[in-house]
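Asks: Sending over a structure as structure tokens; questions will come in a sec.
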DNA sequence: ACTTTGAGTGTACGCATGTTCACTGATTTC
DNA sequence: GAAATCAGTGAACATGCGTACACTCAAAGT
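Residue numbers (our numbering), protein chains in the order written: chain A, 13 to 222; chain B, 13 to 222.
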């Protein structure tokens, strides 16, 4: 390597290439789905020869798993931030809707990846995503269980609400992702939809348990 | 053609081959997703030489669209039958849960196809599925609007409930599809989950509108 | 009877793919 | 400053792909 970053320490340059490969795979996946992206396409797009790919990932499957990890670390940061937000205690629903739409907007590509590959990806990737989503449901349940109106619910009920919330999140992420660019009005509409659906879940639950 | 069906009338034999191609594509899609299935794989599996494929479909995309059509005709038959069932008037929710699980079990492959290719398929297929699902939401809304407890709701509300029901149907179809074979206990669990979620939607809606 | 039609065949082509191997040369290690 | 390391190179391969083309030979049309 002599032109793009001459004096980069070796490890840093390697990491940069690794990120270029990850970013390329993520971008190419958006157009055709991860499973249709070839090792050569990714390498080409990352500005690297196909054989160099193997210095970073054993196979395309491993690349896929790395993308799953990256995507969920984004998601986890989102829930951790939301937990610190005092507004969440007053009004989970509006907060969640805001956070969701904002997070999806910020890292659209990662959400798109999860939504798409959850059902459409190679089997190892699908399995990994399912596992991460299950974990995420449990983590969200912990957050929800601390909330004022919920603290005396059974843990099964909390788990179910959490599952419904996550399912909703995935559905709405799908919608935001499939949304044509430059239509912020639609985005507001989706956010409003998400809000109403979450309210529905909470209201329905409260009434049914009484 | 001389061995497999010597004296078949020409048109009938053609139709039979066409169905073999459709069935092959459906089966192969389950393992790898439709987009990874090649024209040659389908032809091979259908017992036909690759070039013969073109006598039936212009391209793999067209095959995909034919599968979408086939899948939704299954779905439509299901809703039409359910509409005749008097039980539906008494208890939409249990009826819907039964019908859903039963229908999915009967034509698992078609539901799997829709659930998978809705987000993971080639763009033309995705678009077609979205369109069909939108239509289906509207059709279901018509059915729902006739129901006793719903007849005085606004049509917007009915449309939204219908959308939530269909979203739920897709989600649950995904679960049934991803379900390991020979575990009827899980199936009952999914059915119960679907029932609870639909009840949630109806209860939530009723209470919020008052 | 004889001609036309058209579903299915077989060969052949150019192209993209995943993986192999021996290599280069700057950075790191000593 | 010599030696070792290792990210990235470039040529070569076998394989599977979509499609073009000329073909066969029963069934359908006359």
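All residues carry an ideal CB built from backbone N, CA and C; glycine is no exception.
For residue 186 of chain A, count neighbouring C-beta atoms within 10 Å of its own C-beta (all shown protein chains included) and say buried if the count is 16 or more, exposed if not.
Replies: Under this definition residue 186 of chain A is a buried residue.
Asks: Under a CB-based cut-off of 8 Å, is residue 162 of chain A close to chain B?
Replies: Closer than 8 Å: no.
Asks: Cβ of residue 187 of chain A less than 8 Å from any chain B Cβ?
Replies: no
Asks: Would you be able to state if there are at least three C-beta pairs under 8 Å between the region 200-220 of chain A and the region 210-219 of chain B?
Replies: yes
Asks: Can you say whether residue 128 of chain B is buried or exposed, counting buried as having 16 or more other CB atoms within 10 angstroms of its CB?
Replies: Classification of residue 128 of chain B: buried, given that the 10 Å Cβ count is 16 or more.
Asks: So, under 8 Å CB-CB, residue 78 of chain B and residue 34 of chain B are touching, yes? Tell me the CB distance rounded to an integer number of Å.
Replies: 6 Å
Asks: Helix, strand or coil: how does DSSP classify residue 103 of chain B here?
Replies: Note: residue 103 of chain B maps to coil in three-state DSSP.
Asks: Determine whether the Cβ of residue 201 of chain B lies closer than 8 Å to any Cβ atom of chain A.
Replies: no
Asks: For the region 39-61 of chain A, list every residue whose C-beta sits within 7 Å of some C-beta in chain B, in sequence order.
Replies: 45, 47 and 48
Asks: Counting only C-beta atoms, is residue 105 of chain B closer than 8 Å to chain A at any point?
Replies: no
Asks: Using 8 Å for Cβ pairs, my map puts residue 149 of chain A next to residue 178 of chain A. What's the rounded Cβ distance?
Replies: 5 Å
Asks: So residue 176 of chain A packs on residue 91 of chain A, CB below 8 Å; how close in whole Å?
Replies: Incorrect: roughly 16 Å between the Cβ atoms, too far for contact.
Asks: Under 8 Å between beta-carbons, which chain A residues line up against residue 100 of chain B? List them in chain order, please.
Replies: For a Cβ distance threshold of 8 Å, nothing in chain A lies close to residue 100 of chain B: the least Cβ distance comes to about 21 Å.
Asks: Any C-beta of chain A sitting closer than 8 Å to the C-beta of residue 217 of chain B?
Replies: At least one CB of chain A lies nearer than 8 Å to the CB of residue 217 of chain B.
Asks: With 16 as the cutoff for other CB atoms within 10 Å, does residue 24 of chain A come out buried or exposed?
Replies: exposed
Asks: Going along the chain, which residues of the region 172-184 of chain B sit with their C-beta nearer than 8 Å to a C-beta in chain A?
Replies: 172, 176, 179 and 183
Asks: Ignore the nearest five residues each way along the sequence and tell me which others in residue 168 of chain A's own chain have a CB closer than 6 Å to its CB.
Replies: none
Asks: So is residue 68 of chain B buried or exposed if we call it buried at 16+ other beta carbons inside 10 Å?
Replies: buried
Asks: Quick one: what's got a C-beta closer than 6 Å to residue 140 of chain B's C-beta in the same chain, skipping five residues either side?
Replies: 77 and 80
Asks: What whole-angstrom Cβ distance do residue 202 of chain B and residue 188 of chain B have, given they're in contact under 8 Å?
Replies: Yes, residue 202 of chain B and residue 188 of chain B are in contact; Cβ-Cβ is about 6 Å, under 8 Å.
Asks: Determine the direct distance from the alpha carbon of residue 172 of chain A to that of residue 214 of chain B, and round the result to whole angstroms.
Replies: 17 Å
Asks: By the criterion of Cβ-Cβ separation under 7 Å, what are the contact partners of residue 127 of chain A in chain B?
Replies: Near residue 127 of chain A (Cβ distances below 7 Å), the residues of chain B are 131.
Asks: Just tell me which of A/196, A/61 and A/116 has its CA closest to the CA of residue 88 of chain A.
Replies: A/116
Asks: Apart from the five residues just before and just after residue 110 of chain A, which ones in its own chain have a Cβ nearer than 8 Å to its Cβ?
Replies: 203
Asks: Could you check if residue 41 of chain B is buried or exposed, using at least 16 other CB atoms within 10 Å of its CB as the buried criterion?
Replies: Per the 10 Å Cβ criterion, buried.
Asks: Can you tell which of B/125, B/22, B/103 and B/65 has its C-alpha closest to the C-alpha of residue 161 of chain B?
Replies: Checking every option, the nearest Cα to that of residue 161 of chain B belongs to B/103.
Asks: DSSP on residue 79 of chain B, reduced to helix/strand/coil?
Replies: helix
Asks: Under 8 Å Cβ to Cβ from residue 105 of chain B, same chain only, skipping five residues before and after it: list those, please.
Replies: 207, 210, 211 and 214
Asks: Between residue 77 of chain A and chain B, is the shortest Cβ-Cβ distance under 8 Å, so that the two count as touching?
Replies: Not closer than 8 Å to any Cβ of chain B, the Cβ of residue 77 of chain A fails to qualify, so no.
Asks: Could you tell me whether the Cβ of residue 165 of chain A comes closer than 8 Å to any Cβ of chain B?
Replies: no
Asks: Excluding the 5 residues flanking residue 99 of chain B on each side, which residues of the same chain have their C-beta closer than 6 Å to its C-beta?
Replies: 107
Asks: Could you tell me if residue 27 of chain B is buried or exposed, where buried requires 16 or more neighbouring beta carbons within 10 angstroms of its beta carbon?
Replies: The residue is exposed, with fewer than 16 neighbouring Cβ atoms inside 10 Å.
Asks: In chain order, what residues of the same chain lie with their CB nearer than 8 Å to the CB of residue 73 of chain A, ignoring the 5 residues before and after it?
Replies: 134, 136 and 137
Asks: So, helix, strand or coil for residue 191 of chain A, using DSSP?
Replies: coil
Asks: Just the C-alpha distance for residue 97 of chain B and residue 32 of chain B, rounded to the nearest angstrom, thanks.
Replies: 33 Å
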